[in-house]
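Below is one structure, written out as structure tokens, with a few remarks after it.
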DNA sequence: ATACACGCCTATGTATACAATCCGTGGCCC
DNA sequence: GGGCCACGGATTGTATACATAGGCGTGTAT
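Chains as they are written, first to last, in UniProt numbering: chain S, 1 to 240; chain R, 1 to 240.
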């Protein structure tokens, strides 16, 4: 009973369900039955309900009419829209940050993160995409932390929590290694430009850059959707 | 037991709690105790927990560390930011609508709504602000319904559900009746411009208009904050 | 006097029994 | 033959008892 994934049955159940949903074991539209789940997990209905509530707050479940919960369905168009939305919110967050001014220390830290991303790419033909993806997520998190508005930061985090809308969701090997390299170069140029614009307090510019930057994720998604739709974890959520 | 506000204890409890929070009876930061609330409402803890979970989804409550719920605190800055965010999201929704194209029927309907808003103002010195506010909300709802992306529409609705971020939150009598009239005239010009821009499929323009339009709400909030901070229902949520 | 530890008290977490509701199905009446 | 009503099973809604954990106060020992 002393697991590490949360101290209560409800938290563990939420974790378990979240995993199953993201893996696609519970596809969109699936109705969740309290008794069945409680049975499988060998707990009572109470913590199962609690877990489903939490996942509804996260946006992975929806309350069904007449009670109960259903796994939320995401179409391909939804994924594109969520990326667009992420770009808009990151843009707004960064514009506010730029207008409020960013401390030299924070700018230096961001700059250092971009340098580290550069170093991964230096190794040339076969960059460590796993590592890049991880650092990229850290960089984007550092960006949202700048935002002086908690309201906006919170909504941004909410959207990023959707597995296909996170900044690193589609930094993965594509069929064409050259295309990967090119998209990383573009992304890095945009990262630099974003830090520059923040330093210069160019709110409007940094907003536009953030939106354009999200566009890369959209392109990667589109490229991927055509060929490897089954091979990506995040793609398991597609219903259509 | 046969009330009209929802058929279950949980829904009634959620309604009751929502009212108390919005009225300011339960100020931000207040911890909600299950037993006490269950007692007051003469129901058991189970539906109370359910109600709190729903309000957490709405963003009115937060889960406290170590369990339980706390009424979410909103500062004055949060209210300003929420209005900004609403403008950004309405702008994005309308941009996508414009890019996708809006049917002539929908445009006619919007135009009719703006006409009806005009008619309220025609009566001159003492417009029926209650009625204006109501129609204004209907107009804004009609705008979000245009949005082809459910993901974005949903986030917009979510933000609008905050009582101080709704488009009609601050259409109220001010000390200076002339200022009210002027702000209504400006708002109506923007309403017309938004419909025009939609018709012309001017995505970027309609986005800018929506943001600027939200700016009126911010100005009203600022004007109000200085004088009548206690007299507005939505202001009851301020903590600071 | 201060610090640590123990224990109680309070609040949430969990299990479970029972109630109510909703939906589907079958039969009967029109 | 079609529509409506009634019944039944499945599923969630609610109440309640018990478990557990976390916080605070008090007591004692150093």
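Backbone N, C-alpha and C define an ideal beta-carbon position, used for all residues, glycine too. Given the structure is predicted, the values throughout are model-derived calculations rather than measurements.
| field | C-alpha gap between residue 26 of chain R and residue 56 of chain R, whole angstroms | value | 15 Å
| said: Below 9 Å on C-beta distance, what does residue 194 of chain S contact in chain R? | reply: Within chain R, no residue comes near residue 194 of chain S; the closest Cβ sits about 18 Å away, beyond 9 Å.
| Helix, strand or coil: which one does DSSP assign to residue 85 of chain R? | helix
| said: Strictly under 9 Å for the Cβ-Cβ distance: is residue 88 of chain S near chain R by that measure? | reply: yes
| request: Express the C-alpha separation of residue 185 of chain S and residue 178 of chain S in angstroms, rounding to a whole number. | output: 11 Å
| Selected residue, minimal CA-CA separation from residue 51 of chain S, among S/34, S/161, S/212 | S/34
| task | Can you have a look at residue 21 of chain S and say buried or exposed, based on whether 16 or more other CB atoms are within 10 angstroms of its CB? | result | buried
| query | For the UniProt domain "HTH gntR-type" (7 to 74) of chain R, which residues have a beta carbon sitting closer than 7 Å to at least one beta carbon of chain S? | reply | 53, 56, 57
| Where residue 115 of chain S meets chain R, residues with beta-carbon distance less than 7 Å | Correct list: empty, because the minimum Cβ distance to chain R is about 31 Å.
| residue 25 of chain S in three-state terms, based on DSSP | coil
| Does the distance from the C-beta atom of residue 203 of chain R to that of residue 32 of chain R stay below 9 Å? | no
| residue 3 of chain R to residue 183 of chain R span [Cα, whole Å] | Note that residue 3 of chain R scores 39 on pLDDT, short of 50, meaning its location in the model is unreliable; the coordinates nonetheless yield the value given after this. Going from the Cα of residue 3 of chain R to the Cα of residue 183 of chain R covers about 41 Å.
| message | Can you look up residue 164 of chain S in the DSSP assignment and give me helix, strand or coil? | response | coil
| field | Members of the stretch 153 to 173 of chain S that neighbour chain R once the beta carbon cut-off is set at 7 Å | value | 155
| Would a check of beta-carbon distances place residue 4 of chain S closer than 9 Å to chain R? | Bear in mind that the predicted position of residue 4 of chain S carries a pLDDT of just 47, short of 50, making it unreliable; the figure below should be weighed with that in mind. No, residue 4 of chain S lies away from the interface with chain R (no Cβ there is under 9 Å from its Cβ).
| task | Determine the extent of the alpha helix (DSSP H) in which residue 122 of chain R is found, giving its start and end residues. | result | 104 to 122
| said: Checking 9 Å against the spacing of the C-beta atoms, do residue 83 of chain R and residue 165 of chain R come in under that value? | reply: yes
| request: Check the DSSP bridge columns for residue 63 of chain S and list the partner residues they point to. | output: S/69
| Where do the ends of the alpha helix (DSSP H) carrying residue 141 of chain R lie? | 129 to 146
| Are the C-beta of residue 150 of chain R and some C-beta of chain S separated by less than 9 Å? | yes
| task | Could you pull the start and end residues of the alpha helix (DSSP H) that residue 194 of chain S belongs to? | result | 177 to 199
| task | Using the DSSP secondary-structure output, state which residues sit across from residue 31 of chain R in a beta bridge. | result | R/70
| Is DSSP giving residue 216 of chain R helix, strand or coil here? | helix
| field | C-alpha gap between residue 16 of chain S and residue 170 of chain R, whole angstroms | value | 44 Å
| task | Apply the 10 Å Cβ neighbour rule to residue 207 of chain R and answer buried if 16 or more other Cβ atoms are within range, or exposed otherwise. | result | buried
| field | Among S/81, S/180, S/158, nearest to residue 128 of chain S - alpha-carbon criterion | value | S/180
| task | Select from S/87, S/120, S/212, S/216 the residue whose C-alpha is nearest the C-alpha of residue 152 of chain S. | result | S/87
| field | CB contact check: residue 186 of chain S to chain R, cutoff 9 Å | value | no
| task | Would you mind telling me which residues of chain S sit closer than 8 Å to residue 210 of chain R, beta carbon to beta carbon, in chain order? | result | Within 8 Å Cβ-Cβ: nothing; residue 210 of chain R doesn't reach chain S, min ~12 Å.
| DSSP three-state assignment for residue 43 of chain R, whether helix, strand or coil | coil
| field | Cut-off 6 Å between Cβ atoms - residues of its own chain near residue 191 of chain S, not counting five sequence neighbours on either side | value | 114
| query | Using 8 Å as the Cβ pair cut-off and three pairs as the minimum, do the stretch 95 to 111 of chain R and the stretch 213 to 224 of chain R touch? | reply | no
| query | Does the distance from the CB of residue 69 of chain S to the CB of residue 62 of chain S come in under 9 Å? | reply | yes
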